[in-house]
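Report on one structure; see the data block that follows.
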Amino acid sequence: MSKEIKMKIDQLCLELEQVVTPGMFTLNMEAAQISNKIAALQKQCKHNFVDGQCEFCYRMEGDNNE
Ligand SMILES: [Zn+2]
């Protein structure tokens, strides 16, 4: 389950890179939708924090912005 979440998030991160202009933060509709999908997956993740970051969903430890 956690590995599935990691695979999906890795894929979404690649998609996000492709819609966001490098070096410039542009929050377009597509980027927002992808970010929402990542956030939804992070809520399902049973986090396992390594060095302060979840190894599956990349959520930072202590980040309580639900
Ligand atoms: Zn996680």
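Taken in order, the sequence shown gives residues -14 to 51; the numbers are from our numbering.
Ideal Cβ positions, reconstructed from N, Cα and C, are used throughout, including at glycine.
Using a threshold of 8 Å, is the CB atom of residue i nearer than that to any non-hydrogen atom of ligand 1?
i: Lys31; result: yes
i: Ser20; result: no
i: Cys(-2); result: no
i: Ile23; result: no
i: Gln3; result: no
Could you say which of the options lies nearest to residue i if we only look at CA atoms?
i: Gln18; options: Gln27, Leu(-3), Met(-8); result: Leu(-3)
i: Glu0; options: Ser20, Gly47, Tyr43, Cys30; result: Ser20
My guess is that residue i and residue j are in contact by the Cβ rule of under 8 Å, so how many angstroms apart are they, rounded?
i: Phe34; j: Ile(-10); result: Contact doesn't hold; Cβ gap of about 14 Å is too wide.
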